[in-house]
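If you use this note's numbering, the sequence shown corresponds to residues 20 to 152, in order. By construction, the Cβ of each residue, glycine as well, lies at the ideal position given by its N, Cα and C atoms. First up is the structure itself, then whatever we jot down about it.
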Amino acid sequence: LDSTCLKAGHGKLLAKEGADGLLGLSIIHPDWPKGLGIVIKIAHGWNSQATWYVARAVLGVLGIHLRNPYPLHRQKAFIVPGIVPPQYLEELESVVTWDEWDPDRDRFTLDWKDYTAAMTRSDPFANESAEDS
């Protein structure tokens, strides 16, 4: 998630996932001339799906758009108004909490055997056994 946030921020966002359900964000935004720091904490511990929903809403009101990490098949997050400051409530209503984008359509499928023609052994693990140790 933090890497995806970095990409979505186009150089105006730093993100770092932490232990036990934390996501720290530092954002350059015109509404916050001294900078903006946000920490998202999931109360029951790390849950990438829940963190993604909240991050998508919080960043969405600031104009930073995250895509789905995986197909969400008719799932929709319910984001409560208190998750963002009052001046962003109108924008919060316009943030789509999920979309129809399927990341599998953007996936590259490669057969590793196409890249192993130069191998000297047909089985790269042939010399690794309990007897050798």
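The continuous stretches of alpha helix (DSSP H) do not include residue 51, which lies in the beta strand (DSSP E) extending over residues 51-60. In the three-state scheme derived from DSSP, where H, G and I count as helix and E and B as strand, residue 31 is classed as coil.
Listed in chain order, the non-local C-beta contacts of residue 58 below 6 Å within the same chain comprise 43, local neighbours out to five positions each way being set aside. Between residue 76 and residue 115, the gap from beta carbon to beta carbon reaches 7 Å or more. In the structure shown, residue 147 falls within a coil segment according to DSSP collapsed to helix, strand and coil. With a threshold of 16 other beta carbon atoms within 10 Å, residue 72 meets it and is buried. Residue range 108-113 is occupied by the alpha helix (DSSP H) that includes residue 113.
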